[in-house]
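S.K.: Before we start, here is the structure in question, set down as structure tokens.
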Amino acid sequence: MTTPIKLSRRTLLQGAGATGLALGAGPITGFPNVIAAEPVTLRYLGTAVNQSGDIARKVKEDLGITIEYIPVVTDEVTKRVVTQPNSFDLLDTEFFSLKKLIPSGNIQGMDARRIKQADNITPVFTKGEVAGKKIGDQGTAPKKVFYLEGQNSKNFAGSATEWITLIPTTYNADTLGIRPDLIKRPITSWKELLNPEFKGKASILNIPSIGIMDAAMVIEATGDYTYPDKGNMTKAEIDRTIKLLIEAKRAGQFRAFWQDFNESVNLMASGETVIQSMWSPAVTKVRSQGVACTYQPLKEGYRAWATGFGLPKTLTGRKLDAAYDFINWFLSGWAGAYLNRQGYYSAVLETAKSHMEPYEWAYWMEGKPAEKDIKGPDGSVLEKAGATRDGGSFETRMGSVACWNAVMDENTYMVRKWNEFIAA
Amino acid sequence: MTDAVLPAIADAPPVAAPTTSLTAKTRRRQALAYLQAAPMALVFLVFFVVPLGLTLIVSFWEYNEYEIIPSFTVQNYIDVFEGCLNTADACTTVRTYLSTLKFCALTWAFTLVIGFTVAYFVAFHVRSRTMQMALFLVCTIPFWTSNVIRMISWIPLLGRNGLVNDTLMGMGLIKSPIEGLLYSDFSVVLAFVHLNTVFMIVPIFNSMARIDRALIEAAYDSGATGWQTLWNVVVPLAKPGIAIGSIFVITLVMGDFVTVGVMGGQQIASVGKVIQVQMSALQLPAAAANAVVLLGAVMLMIVAMTRLIDLRKEL
């Protein structure tokens with residue numbers, strides 16, 4: 000894959016010329032150290048989801064920092080951090096990976112005092128709350144892995160410390176995507192995924208750690224079994240879950256499994272499947288092809304995920320300063336608004352709000368009907384005026400989180416059983 | 000004919016100066032031969048022997064979520080064969096291998112028949128050499144695009160609302176779409192045959208092109224029928240090509256996980272997929288153990304094939 004950044008000669012010149020002016024320009028103030036010296040390049044390792052050319056261009060304008068994207072899949076990010084910790088300067092990965100990353104000793108705790116908006120990061124991360132209400136914390140909930148005991152500690156702290164593992168970039172609540180035009184009746188529960196009515200027309204994702212949690216949501220919805228922690232099953236619970244999946248598979252419930260974003264879009268858009276686990280932007284993409292697709296809120300709640308910035312232990316000096324500057328810039332609003340407009344949520348809501356139009360904020364975050372056409376960051380119309388967002392407001396959506404993407408203690412066993420499921 | 004198809008066998012090494020004695024000349028020739036083989040040997044050593052050795056070593060290591068620990072354990076191999084002693088229900092590994100072997104056998108049979116027929120046509124029925132080369136090149140045209148694209152282009156054709164189902168329903172031949180066209184064993188074998196037939200055509204054509212036409216005439220003159228000539232003259236002489244093509248096809252199918260994944264809708268197991276899932280979960284020693292078992296299985300098959308045909312002698 001190639002990096003999506005397209006720097007024209009003009010923007011490069013602007014960037015170079017702006018280094019002196021950037022101090023006074025726009026809402027970004029007070030990032031002194033880096034700008035005076037020659038430009039810094041940060042190698043940004045992460046999934047393609049958050050790696051946008053627009054963000055790289057904007058940060059070049061504002062701070063003079065060049066962002067060099069290294070886009071890989073989540074598992075590959077983990078592999079790189081563990082095996083090649085010097086191949087990047089800034090890490091953007093999922094919180095659940097931390098259970099693998101922190102013990103490897105290749106990540107340093109981030110100094111909360113250097114993050115200007117640290118106190119304003121949404122309590123989803125710091126306390127596991129939305130609007131004062133506790134949300135589901137099964138699995139690797141960010142609050143469990145948000146703080147370290149010390150900068151170089153390999154232990155997660157139970158309460159707030161000044162060492163943060165990852166500064167959140169985006170997060171969201173996942174559920175099932177459905178084709179309302181083909182199902183023609185309301186869907187309200189996860190158990191519909193394995194309903195024989197949709198035999199040969201259902202799909203789940205073939206990423207073991209996430210797929211098994213979707214299956215667990217189904218099992219709980221049928222009332223068969225209630226897991227103490229869906230994100231950390233015992234061997235017996237894994238066996239039970241896989242057994243159900245195997246039965247469904249042998250009965251021909253699944254049309255296919257999907258592994259990446261585009262596969263999920265194609266399955267749904269072509270009508271091969273009518274109900275499947277899905278990611279929010281994939282639903283948007285199906286809809287943009289003119290096909291009816293709903294990101295269906297379900298009564299059992301959502302499976303949530305979150306990604307954030309981390310720093311490799313080897314990062315020092317000017318590059319370290321630049322990384323902190325970049326993260327502070329990221330939290331200062333422009334990037335947050337940019338991500339909110341794609342349907343993700345940003346870490347510091349107040350700053351993002353100040354960079355969005357009131358009608359945009361009302362649609363994306365408050366769950367109100369759109370006053371005007373809702374446009375994506377690229378200017379294309381995503382929703383016509385009058386539409387409301389699936390799942391409603393931020394508080395309703397994130398407030399209904401049931402569990403988080405996770406790495407289980409029995410991960411090795413789980414992966415082996417998953418392979419058994421695929422072979423069944 | 001031969002020259003046009005095979006890369007010309009390396010010309011005789013440069014002849015030594017006429018003044019040197021005979022023994023010195025042979026010795027120098029030998030040294031030269033080693034020197035000529037050295038680059039290939041070196042490439043093999045660095046890119047094949049060393050990684051293979053490392054894979055073998057790592058397959059005996061222990062691992063946890065974030066590191067692999069040098070030690071000696073056979074646990075990875077025990078995990079590979081977990082539950083295989085239970086005869087009632089086949090274990091994951093046996094199931095996976097059976098499924099992979101089934102694809103191997105089917106793909107091999109189809110590619111052999113198609114490949115042999117195409118090669119036979121081009122080699123014996125097309126008279127002009129220019130035309131032969133032109134048709135031969137036509138066979139390679141699909142290779143101008145990536146094999147992922149060639150594979151994915153089947154999906155809109157075979158899908159539930161795809162071209163084939165739509166056409167059949169439009170003609171009134173079927174009432175509801177045939178589900179089994181896509182994401183099934185059928186689609187996997189179809190894609191495999193499509194992707195791999197050329198690997199049969201090329202070596203078989205190469206072998207056939209080297210058959211002396213006088214032999215065919217002789218058979219004909221002795222009163223053999225067309226089938227008898229084919230079976231008793233052409234097939235035995237094309238054997239090396241068949242063997243080489245078979246090795247290509249079987250090794251490609253055994254190690255594949257992309258085709259099975261895409262065309263099987265990720266629902267069909269393959270050994271390659273098992274390894275890939277373990278790699279992405281950072282369970283490298285377990286993946287290495289599986290890779291070693293796979294290597295062993297493929298080698299057994301190749302040994303069996305070379306038992307049937309002595310390739311070196313035939314070439």
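Order-wise, the sequence lines are chains B and G. Numbering-wise (numbering that gives the first Met the number 0), the first sequence opens with residue 0 and increments by one. Numbering-wise (numbering that gives the first Met the number 0), the second sequence opens with residue 0 and increments by one. Cβ coordinates follow ideal geometry from the N, Cα and C atoms, glycine included.
(1) Under 7 Å between beta-carbons, which chain G residues line up against residue 269 (chain B)? List them in chain order, please.
(2) For residue 70 (chain G) and chain A, any beta-carbon pair shorter than 9 Å?
(3) Just to confirm the assignment, what range does the beta strand (DSSP E) spanning residue 276 (chain B) have?
(4) Apart from the five residues just before and just after residue 194 (chain G), which ones in its own chain have a Cβ nearer than 6 Å to its Cβ?
(5) For the stretch 117-140 of chain G, list every residue whose C-beta sits within 9 Å of some C-beta in chain B, in sequence order.
(6) For the alpha helix (DSSP H) containing residue 297 (chain G), list its first residue and its last residue.
(7) Note down, in chain order, every chain G residue with its Cβ under 9 Å from the Cβ of residue 254 (chain B).
(8) Less than 7 Å between C-beta atoms, sequence neighbours within five positions excluded: which residues of the same chain meet that for residue 159 (chain B)?
(9) Determine the chain B residues that contact residue 31 (chain G) at a beta-carbon separation under 8 Å, and present them in chain order.
(10) Quick one: is residue 416 (chain B) buried, meaning 16 or more other Cβ sit within 10 Å of its Cβ, or exposed?
(11) Going by the CB atoms, is the gap between residue 65 (chain G) and residue 103 (chain B) shorter than 9 Å?
(12) Anyone know if the C-beta pair for residue 39 (chain B) and residue 317 (chain B) falls short of 9 Å?
(13) So, under 8 Å CB-CB, residue 44 (chain B) and residue 90 (chain B) are touching, yes? Tell me the CB distance rounded to an integer number of Å.
(14) Hey, does residue 21 (chain B) have any beta-carbon neighbour from chain G nearer than 9 Å?
(15) What do you get for residue 29 (chain B), buried or exposed, if any count of 16 or more other CB atoms within 10 angstroms of its CB means buried?
(16) Looking at the unbroken alpha helix (DSSP H) that takes in residue 277 (chain G), where does it start and where does it end?
(17) Pairs of beta-carbons, one from the stretch 265-282 of chain G and one from the stretch 25-40 of chain G, closer than 8 Å: are there three or more?
(18) With residue 235 (chain G) as the anchor, note down where its alpha helix (DSSP H) starts and where it stops.
(19) For a contact defined as C-beta to C-beta under 7 Å, what are the partners of residue 326 (chain G) on chain B?
(20) Could you have a look at residue 91 (chain B) and say whether DSSP puts it in helix, strand or coil?
(21) Are the stretch 209-216 of chain B and the stretch 298-307 of chain B in contact at 8 Å, needing three or more beta carbon pairs?
(22) In the DSSP assignment, the alpha helix (DSSP H) including residue 165 (chain G) goes from what residue to what residue?
(23) Give me the DSSP bridge partner(s) of residue 76 (chain B).
(24) Tell me, please, which residues DSSP counts as bridged to residue 70 (chain B).
(25) With a threshold of 6 Å on Cβ separation, who are the neighbours of residue 396 (chain B) within its own chain once the five nearest residues in sequence on each side are excluded?
(26) Would you call residue 311 (chain B) buried or exposed, if buried means 16 or more other Cβ atoms sit within 10 Å of its Cβ?
(27) Taking residue 118 (chain G) as part of the beta strand (DSSP E), name the residues at either end of that continuous run.
(28) Ends of the beta strand (DSSP E) at residue 138 (chain G)?
(29) Give me, in chain order, the residues of the same chain whose beta-carbon lies closer than 7 Å to that of residue 336 (chain B); leave out the 5 immediate sequence neighbours on both sides.
(30) For chain B, find out if any of its Cβ atoms is closer than 9 Å to the Cβ of residue 306 (chain G); answer yes or no.
(31) Whole-angstrom Cβ separation of residue 162 (chain B) and residue 109 (chain B), contact assumed at under 8 Å?
(32) In angstroms with no decimal places, state the Cα-to-Cα distance between residue 300 (chain G) and residue 152 (chain G).
(33) For residue 98 (chain B), return the contacting residues in chain G, with the cut-off set at a CB-CB distance below 8 Å.
(34) Residues bridged to residue 147 (chain B) by DSSP?
(35) Just to confirm my understanding: we take residue 258 (chain B), look at its own chain, exclude 5 residues before and 5 after, and list those with CB closer than 8 Å. What are they?
(36) If you pair each beta-carbon of the stretch 133-147 of chain B with each one of the stretch 185-200 of chain B, do three or more pairs fall below 8 Å?
M.R.: Let me spell this out:
(1) Taking the beta carbon of residue 269 (chain B) as reference, the chain G residues within 7 Å of it are 158 and 160, listed in sequence order.
(2) Included in the structure are the protein chains B and G, with no chain A among them.
(3) Annotation: the continuous beta strand (DSSP E) that includes residue 276 (chain B) extends over 274-276.
(4) The residues 146, in chain order, have a CB closer than 6 Å to that of residue 194 (chain G) in the same chain once the five nearest residues on each side in sequence are set aside.
(5) Those would be none; no residue qualifies.
(6) Per DSSP, the continuous alpha helix (DSSP H) segment holding residue 297 (chain G) begins and ends at 283-307.
(7) At a C-beta separation below 9 Å, residue 254 (chain B) has these neighbours in chain G: 159, 178, 181, 182, 264 and 266.
(8) Closer than 7 Å at Cβ, skipping near neighbours: 125 and 146.
(9) Chain B residues near residue 31 (chain G): none, gap ~42 Å exceeds 8 Å.
(10) By the 10 Å Cβ count, residue 416 (chain B) comes out buried.
(11) Cβ atoms of residue 103 (chain B) and residue 65 (chain G): closer than 9 Å.
(12) Their beta carbons are under 9 Å apart, which means residue 39 (chain B) touches residue 317 (chain B) by this criterion.
(13) Yes, residue 44 (chain B) and residue 90 (chain B) are in contact; Cβ-Cβ is about 5 Å, under 8 Å.
(14) With a pLDDT of only 41 at residue 21 (chain B), under the threshold of 50, the placement of this residue in the model should not be trusted; the figure read from the coordinates follows. It does not: the Cβ of residue 21 (chain B) has no partner Cβ on chain G nearer than 9 Å.
(15) Residue placement at residue 29 (chain B) is poorly supported in this model, since its pLDDT is 48, which falls under 50; the coordinates are not used for a value here.
(16) Run containing residue 277 (chain G): 270-279, per the alpha helix (DSSP H) assignment.
(17) Contact between the stretch 265-282 of chain G and the stretch 25-40 of chain G is absent: fewer than 3 CB-CB pairs across the two stretches fall below 8 Å.
(18) First-last of the alpha helix (DSSP H) with residue 235 (chain G): 234-254.
(19) In the structure as shown, chain G begins at 0 and stops at 314. Residue 326 (chain G) is therefore absent and cannot be evaluated.
(20) In this structure, residue 91 (chain B) counts as strand in the three-state DSSP scheme.
(21) Between the stretch 209-216 of chain B and the stretch 298-307 of chain B there are three or more inter-stretch CB-CB distances shorter than 8 Å, so the stretches are counted as touching.
(22) Taken as a continuous stretch (DSSP letters only), the alpha helix (DSSP H) holding residue 165 (chain G) covers 162-169.
(23) Answer is none; residue 76 (chain B) lacks a bridge partner.
(24) Under DSSP, residue 70 (chain B) forms a beta bridge with B:45.
(25) When the five nearest sequence neighbours on each side are left out, the beta carbons in the same chain lying within less than 6 Å of the beta carbon of residue 396 (chain B) are those of 172 and 390, in order along the chain.
(26) Burial of residue 311 (chain B) is indicated by the presence of at least 16 other C-beta atoms within 10 angstroms of its C-beta.
(27) Annotation for residue 118 (chain G): no beta strand (DSSP E) segment contains it, though the alpha helix (DSSP H) segment containing it runs 91-119.
(28) Counting along the chain, residue 138 (chain G) falls outside any beta strand (DSSP E), though it belongs to the alpha helix (DSSP H) covering 128-139.
(29) Cβ within range, chain order: 351, 354 and 355.
(30) Proximity of residue 306 (chain G) to chain B, defined by a Cβ-Cβ separation below 9 Å, is not satisfied.
(31) Right, their Cβ atoms sit about 7 Å apart.
(32) Looking at the two C-alpha atoms, the distance is approximately 32 Å.
(33) The contacting residues are 64.
(34) B:155, per the DSSP bridge assignment.
(35) Its chain contains 204, 205 and 206 as the residues whose beta carbon lies nearer than 8 Å to that of residue 258 (chain B), once the 5 sequence neighbours on both sides are disregarded; these appear in chain order.
(36) Contact fails: fewer than three Cβ-Cβ distances are below 8 Å.
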